[in-house]
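Read top to bottom, the protein sequences are chains A and B.
According to our numbering, the first sequence is numbered sequentially starting from 546.
According to our numbering, the second sequence is numbered sequentially starting from 62.
Beta carbons: idealized from backbone N, C-alpha and C, even for Gly.
As the structure is a prediction and not an experimental result, all values here were calculated from the model.
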Amino acid sequence: MALTDDEIQQLESRAEAIRETIIGMLVNAGSGHTAGPLGMADIFTAFYFHILNHRPREPDWEERDRLILSNGHICPVRYAAMAHAGYFPVEECLTLRKFGSRLQGHPERLRLPGLETTSGPLGSGLSQAAGIAYAFRMDEKMSDLRGPTSDVGPRRSYMGEKRRVYCLMSDGEQQEGNTWEAALFAGKHKLSNLTAVIDRNNIQIDGMTEDVMPLEPLADKYRAFNWHVLEVNGNDISAFIAAVEEAKVVYEAARPTLIIAHTIPGKGVPEIEFDYHWHGKPPSAEEGKRFLKEIRSMGGKVQHEYA
Amino acid sequence: MLNSGAHLSAKIFADDIEQKPTRDGFGTGSVEAGKVDSRVVVLCADLKESTRAEWFEKEFPERCIELGVAEQNMATVAAGLALAGKIPFIASYAVFSPGRNYEQIRTTIALNNVPVKLCGMHAGVSVGPDGATHQMLEDIGMMRMLPNMTVLAPGDAEEARKAVVAAAKTDGPVYLRFGRAPTPVFTTPETPFSIGKALTLWSSENPKVAILSTGSLSYAALVAARSLAASGIGSLVLHVPTIKPLDEETVLGAAKQTGRVITIEEHQAAGGLGSTIAEFLSEHHPVPLRRLGVQDMFGQSGTPLELLAHYGLDAPHLEAAVRAFIS
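Take a look at the structure:
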């Protein structure tokens, strides 16, 4: 179902608000990652405000979709999106990385409801997402065997079919062996209830991915592992949502789907876009003020383009 | 004399005492746990036969998951299965799991506090001819340092079965250690087992030393205790299948009663049971203490008995160590 212009505009202003929150969080924390969270703000907006079947006030709701964040270091964008979606007060975002905060420097499942897992060390998310997808399929089969109205089975008749699992990864962590072990596993088991997304922003701590350790041809690699692969502009919310919808249809092709989302690191703040130096550092207070202005003027431009 | 409350094998000191590898207890225990709880699943990494995962697979083919040679993926897929409500047991050789996938275990299982049960097979030098690369001697240390982790080293195949069943019922992650070589089955179905409890196997009237052992070497401790008793040296043998959480009360009692403690395990002397006991007693009731284990070395090829003797981990060496200790 295509989004209306109004809906798209609403999502874009959400993304802008989330970017503003991220800048405030990072300035206040005095440490953390800037480029990735800004680059992924559109995708997180798409997930929390359109794609996910979830209940922010009931984060453990059993029938929810699962969103696994493998590259835990971009958690400021997840925290900001969750807060804006109603999981917790937006003001709490300013506790990021502070002593006693539920918003740890890298996400911890047991500290903040709704995080789904604990992550930070790279390369482990896709396996966990595949494990969840595999478990959902087992449950689906069990309820098939027992029939949807059986009273002995768990209360999840055909639920496995409905619950989808999403995994967000960085491009840098495609250099981790564990990622490819997971890709083999998901391909073997044709986990069509699993959609993975790679934030293809081409930067990592030591430089450009293609200089540090080349990943291309990335799409072909996943295709060779029996995945359905789509490539989109990850800063185009409606294009990203369309790709996620296509992945659901691929259910019939019985394959997991990978969406390679080309994003601009630091998106929304032109002076830091594409600059890998901003991978792992926060803006100073002064830079933060300037970045907020840039985000707001960018927002104006985006709205103008769509008007 | 033998502790009658332990209900040990009627053939305890007979030459034809039943011999089975503790890994068999993983096979039988996982099937038993799987029958009780449909959430139990078993994951293996191309070692179905030798880990005994195939025993579970025969009963529950749809709940046995083959990962191929990929232990990091096995740990993390298991974490995902656990997040989705399953109780996964992951089985491989201990050198690979938890050897290779330690960080995945640390982050996605221990810190995440999910009920994945890590089954490390072929632990210790008694792996035999495969040599040092396949003889895991550091796993107890690696696992007991992780918060949330329970660490078990069952003494024989029967106790291993009970440990697997108990692990399935425990919230949170558990590490279980198993051996490859057949060893005496000295316990019986009536022998008490619960996680966190040590078991007195032997206790003389005036024990001069407490022998604390874990894994299958507890049988060697029994044999040594009987031989020492025959020459008038009383001892107490405490089998410690749960290294974490330690049964502090019983360990403290043994130290107080004897005033001397010697530990024996098929592990580096550093980091394992001996370290655990030394750390605890030095703070609560310091007594003279000796730790028998592999002394900061790697293993090598040989038969299990040759290797245990070479590293001083059999009954005669333990007996000699006790004699030297008390004189």
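- Residue contact check for Leu207/B against chain A: no CB pair falls below 8 Å.
- Counting other Cβ atoms within 10 Å of its Cβ, Phe644/A stays below 16 and is therefore classed as exposed.
- Rounded to the nearest angstrom, the gap between the Cα atoms of Gly233/B and Leu179/B is 11 Å.
- Within chain B, not a single residue places a beta-carbon under 9 Å from that of Phe770/A; the smallest gap is close to 13 Å.
- Here Pro827/A is near Thr579/A, since their CB atoms are less than 8 Å apart.
- Look at the stretch 791-814 of chain A: it has no residue with a C-beta under 9 Å from a C-beta of chain B.
- Within chain B, no C-beta atom comes nearer than 7 Å to that of Ile567/A; the closest sits roughly 24 Å away.
- Counting along the chain, the unbroken beta strand (DSSP E) around Asp744/A starts and ends at Leu739 to Arg745.
- For Arg321/B, the CB contacts under 8 Å within the same chain, skipping 5 residues up- and downstream, are Lys269, Val270, Ala271, Val348, Pro349, Leu350, Phe386 and Ile387 in chain order.
- Judged by pairs of C-beta atoms under 8 Å, the stretch 314-334 of chain B touches the stretch 293-303 of chain B, as three or more such pairs exist.
- For the stretch 580-610 of chain A, the set of positions with a beta-carbon nearer than 8 Å to some beta-carbon of chain B is empty.
- According to the DSSP assignment, Arg351/B belongs to the beta strand (DSSP E) that extends over Leu350 to Val355.
- In the structure shown, Val212/B falls within a strand segment according to DSSP collapsed to helix, strand and coil.
- A Cβ-Cβ separation of about 5 Å places Gly354/B in contact with His328/B under the 8 Å criterion.
- Chain order gives the chain A residues near Lys147/B as Ala680, where near means a beta carbon separation below 7 Å.
- Judged by beta-carbon spacing, Thr663/A lies within the 8 Å limit of Glu653/A, meaning their Cβ atoms are closer than that value.
- The beta carbon of Leu144/B falls within 8 Å of a beta carbon belonging to chain A, placing the residue at that interface.
- Contact check for Val92/B and Trp116/B: beta-carbon distance about 6 Å, within the 8 Å limit, so the pair qualifies.
- When C-alpha distances from Ile809/A are compared across Val777/A, Leu660/A and Gly833/A, the shortest belongs to Val777/A.
- Separation of the CB atoms of Ala218/B and Pro82/B is rounded to 7 Å, and the pair is thereby assigned contact status at 8 Å.
- Nearest to Phe681/A by alpha-carbon distance, out of Cys638/A, Ser737/A and Asp781/A, is Ser737/A.
- The CB of Gln673/A comes closer than 8 Å to the CB of Thr137, Val138, Ala140, Gly141, Leu144 and Thr169 in chain B, given here in chain order.
- Within the same chain, and ignoring the five residues on either side of Pro190/B in sequence, the residues whose Cβ sits closer than 8 Å to its Cβ are Ser362, Gly363 and Thr364.
- Between Lys305/B and Val212/B, the CB-CB gap stays under 8 Å.
- Taking a Cβ-Cβ threshold of 7 Å, the residues of chain A close to Glu164/B are Pro666, in chain order.
- Contact annotation, Val186/B with Gly333/B: C-beta distance approximately 13 Å; criterion of less than 8 Å not satisfied.
- For the 8 Å CB-CB criterion, Ala131/B and Ala106/B form a contact.
- Minimum Cα-Cα distance from Ala799/A among the listed residues Gly779/A, Ala574/A and Leu739/A corresponds to Leu739/A.
- Contact of Gly129/B with chain A by beta-carbon distance below 9 Å involves Glu726, Leu729, Phe730 and Lys733.
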